[in-house]
Each structure stands twice: as C-alpha cells, then as structure tokens.
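Below is one structure, written out as structure tokens; comments come after it.
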Amino acid sequence: MHTVVCIKQVPDSAQIRVHPVTNTIMRQGVPAIVNPYDLYALEEALRLKDRYGGRITVLCMGPPQAEAALRKALSFGADDAILLTDRAFAGADTLATSYALAAAIARIREDMPVDLVFAGKQTIDGDTAQVGPGIATRLGLQLLTYVSAVGEVDPENRRIIVQRRAEGGVQVLETALPCLITVLEGLNEMRFATMADMFRAARHPLTVWDREAAGIEDITKIGLKGSPTVVSKVFAPRPRTTRAELIEAQSGQPNDLADTLLAKLFTKHPQLGRQIVRRSS
Ligand SMILES: Cc1cc2nc3c(=O)[nH]c(=O)nc-3n(C[C@H](O)[C@H](O)[C@H](O)COP(=O)(O)OP(=O)(O)OC[C@H]3O[C@@H](n4cnc5c(N)ncnc54)[C@H](O)[C@@H]3O)c2cc1C
Numbered sequence: 006m007h008t009v010v011c012i013k014q015v016p017d018s019a020q021i022r023v024h025p026v027t028n029t030i031m032r033q034g035v036p037a038i039v040n041p042y043d044l045y046a047l048e049e050a051l052r053l054k055d056r057y058g059g060r061i062t063v064l065c066m067g068p069p070q071a072e073a074a075l076r077k078a079l080s081f082g083a084d085d086a087i088l089l090t091d092r093a094f095a096g097a098d099t100l101a102t103s104y105a106l107a108a109a110i111a112r113i114r115e116d117m118p119v120d121l122v123f124a125g126k127q128t129i130d131g132d133t134a135q136v137g138p139g140i141a142t143r144l145g146l147q148l149l150t151y152v153s154a155v156g157e158v159d160p161e162n163r164r165i166i167v168q169r170r171a172e173g174g175v176q177v178l179e180t181a182l183p184c185l186i187t188v189l190e191g192l193n194e195m196r197f198a199t200m201a202d203m204f205r206a207a208r209h210p211l212t213v214w215d216r217e218a219a220g221i222e223d224i225t226k227i228g229l230k231g232s233p234t235v236v237s238k239v240f241a242p243r244p245r246t247t248r249a250e251l252i253e254a255q256s257g258q259p260n261d262l263a264d265t266l267l268a269k270l271f272t273k274h275p276q277l278g279r280q281i282v283r284r285s286s
C-alpha cells in the first residue's frame with residue numbers, strides 16, 4: 006500500500022502575539038512546527054504500514070525551511086519526502102494550494118500508484134479545512150472527512166472502513182480505495198523517534214520539486230495568480246469589558262445560590278426587579 010501524507014509547516018500558534026499598537030501578527034522568533042493534525046495523520050499512516058506494509062511519502066508545499074517538517078516526518082518512519090517549493094507558489098490561498106498539492110500527487114502516482122492520501126482536518130494557522138477536500142475533488146478521490154478512527158483496510162478488494170465524527174454521533178463508513186482521509190485530533194498517540202531514526206532522517210535524501218518538476222504548466226492556477234481570496238482586514242478582537250465573577254452561596258444549597266444571584270442581579274439592574282413585581286401583581 007502506498008500512502009501520501011500531506012504535512013504543512015506552521016508557526017507555533019501558542020507563541021504568536023498580536024502587536025498591541027498595529028494589531029498585526031508578530032511572527033518574529035516564533036518557532037515553526039509541523040501542523041499538529043498532520044502528525045495524527047502521519048501516525049495513522051504509520052500504523053497502517055505496520056499492519057499492511059507498503060510505503061509512506063510525505064508531501065509539503067512551503068519555503069525551503071519547510072524541509073525541517075519533512076525531516077521530522079522521516080524520523081518517525083516515513084519512507085520518502087517531497088518538498089514542493091518554488092517562488093511561483095508564494096501567496097497561495099486554499100484553491101491554489103490544493104491545486105499544487107493535487108498536481109504533485111498526480112506526479113507521484115506516475116512513479117507509484119497511490120492508495121491513500123492523508124491530511125489533517127485543518128491547520129492551526131489557516132484553519133480553513135479546505136485543502137484536503139480540494140485535493141480529493143481535483144484528483145477524483147473518495148473523500149472521508151472528520152475521521153476519528155481508521156478501521157480495517159482490505160487491500161485486495163480495495164476497501165477501507167473508518168469512523169467519522171458527525172453531529173450527534175459517529176458514522177461508520179466504508180469506501181473504495183484510493184481515497185483521501187482528513188483526520189481529527191486525538192485519533193492516536195504519536196510515537197517517539199529514536200536517536201537513530203533522527204540521524205537516518207537527517208541523512209535521508211529529500212526530493213525537491215519546483216513547479217516544472219511537479220508537472221504544473223498553467224501558472225495562472227498557482228500562487229498569488231491562482232488565488233482569488235482577498236484579505237480585506239486583519240484585526241485582533243477587542244478585549245471584553247465585562248469580567249466573570251465567582252459568586253459563593255452562604256450555605257451551598259441551590260436555592261440559596263439562586264437567591265444570592267437574583268439579589269445581585271436586582272441590585273445591578275433595579276428596573277428588572279420592578280418589572281417582575283409589576284408583572285406578577
Ligand atoms: C483569508 C485567508 C487569506 C490568506 N492569504 C494568504 C496570503 O496572502 N499568502 C499566503 O501565503 N497565505 C495566505 N493564506 C494562507 C493559505 O491560504 C493557506 O496557508 C493554505 O492555502 C493552506 O490552507 P489552510 O492552512 O487553511 O489549510 P487547511 O485546509 O486547514 O489544511 C488541511 C490540511 O491540508 C494539508 N495542507 C494544507 N496546506 C498544506 C501545505 N502547504 N503543504 C502540505 N499539506 C498542506 C494538511 O494536511 C492540513 O492539515 C491565507 C489564508 C486565508 C484563510
């Protein structure tokens with residue numbers, strides 16, 4: 006089985022700060038990490054490889070520094086890594102990103118058929134959750150989103166069973182391979198890479214594709230040219246003026262707590278108390 010896992014290098018959002026005066030995002034000094042959802046996707050691909058054998062190719066579109074994300078994936082056990090990097094990809098929105106990644110996967114398929122494509126549900130910087138479905142649509146793959154568990158795979162009959170988190174429950178779905186799966190957080194626990202794995206990953210040859218190597222001829226579909234999204238405004242939401250308050254009832258009884266709350270409410274909004282008295286009389 007050949008699985009492609011799409012991974013994106015993102016700024017560690019836990020360390021991003023908004024400039025207090027300009028309201029712009031301060032990225033300087035913010036470390037880059039592998040998008041956490043993509044690590045769940047990679048781990049799931051590794052578990053399938055443990056069960057059924059095969060190869061895992063990790064694919065990342067990004068600047069040359071994104072090599073670090075791919076090396077990390079290699080250290081966990083991915084077999085091949087492809088960095089899609091070209092100035093022509095800069096400024097891509099989700100439409101252009103999914104176009105470029107789909108083209109690269111189509112190019113990968115020329116060398117070895119692809120049975121499964123994994124992606125995270127979303128990224129922690131863009132947050133759109135559009136890239137996975139965009140790739141599946143462009144490549145004509147079956148699409149399974151919000152997957153919370155991967156069940157049996159039948160490589161001979163080319164079927165897969167997954168659990169998908171839906172509103173109010175879990176759906177058990179079966180579909181045909183090849184398909185694209187986007188995964189939720191917490192579907193597995195990532196393995197650790199040993200020191201030997203890290204050395205192997207550091208030495209592993211990386212495949213670097215520019216636009217031409219990925220087989221992309223139409224430059225109007227990639228990068229800024231292929232991106233109809235326009236960011237009209239970026240702002241930080243205003244901090245709330247009202248604050249939460251901890252109210253403790255004297256006795257700890259529910260009725261006592263309700264009385265304390267009402268008393269506080271009527272003190273703050275006396276007209277509310279007068280309205281209630283008027284209505285009940
Ligand atoms: C309103 C808006 C405006 C933007 N403007 C710009 C801009 O001007 N310039 C700019 O550079 N970016 C811009 N971006 C960011 C850019 O659109 C996204 O980084 C990119 O399209 C991926 O979308 P996402 O992060 O929302 O991915 P999602 O759809 O949330 O990601 C889902 C999954 O797809 C896969 N994936 C996503 N991106 C990649 C990747 N690059 N390589 C490999 N796998 C990937 C991962 O598995 C990921 O978990 C903008 C985003 C938004 C929402």
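Take any residue in the sequence shown, count from 1 to its spot, add 5: that is its number in the numbering used here. Ideal placement from N, C-alpha and C gives every residue a C-beta, glycine not left out.
Looking at the backbone, the Cα of residue 192 and that of residue 45 are separated by about 7 Å. By the C-beta density criterion, residue 157 is exposed, having fewer than 16 other C-beta atoms within 10 angstroms.
DSSP lists 31 as the beta-bridge partner residues of residue 22. One thing to note: residue 229 has its Cβ no nearer than 9 Å to the Cβ of residue 180.
Buried is the label assigned to residue 48, since at least 16 other Cβ atoms lie within 10 Å of its Cβ. Boundaries of the beta strand (DSSP E) harbouring residue 153: 147-159, taken from the DSSP string. Between residue 124 and residue 10, the C-beta spacing is below 9 Å. Ranked by Cα distance from residue 91, the first of 71, 77, 83 is 71. Per the coordinates, the alpha-carbon of residue 6 lies some 44 Å from the alpha-carbon of residue 23. By the Cβ rule, the stretch 103-122 does not count as touching the stretch 233-248, because fewer than three pairs are nearer than 8 Å. For the options 50, 36, 56, the alpha carbon positioned closest to that of residue 42 is the one of 50. Here the alpha carbons of residue 96 and residue 246 stand approximately 37 Å from one another.
Excluding residues up to 5 positions away in sequence, 16, 17, 20, 21 lie with their Cβ nearer than 7 Å to the Cβ of residue 35 in the same chain. The shortest C-alpha to C-alpha distance from residue 207 to any of 85, 37, 68, 182 is the one to 85.
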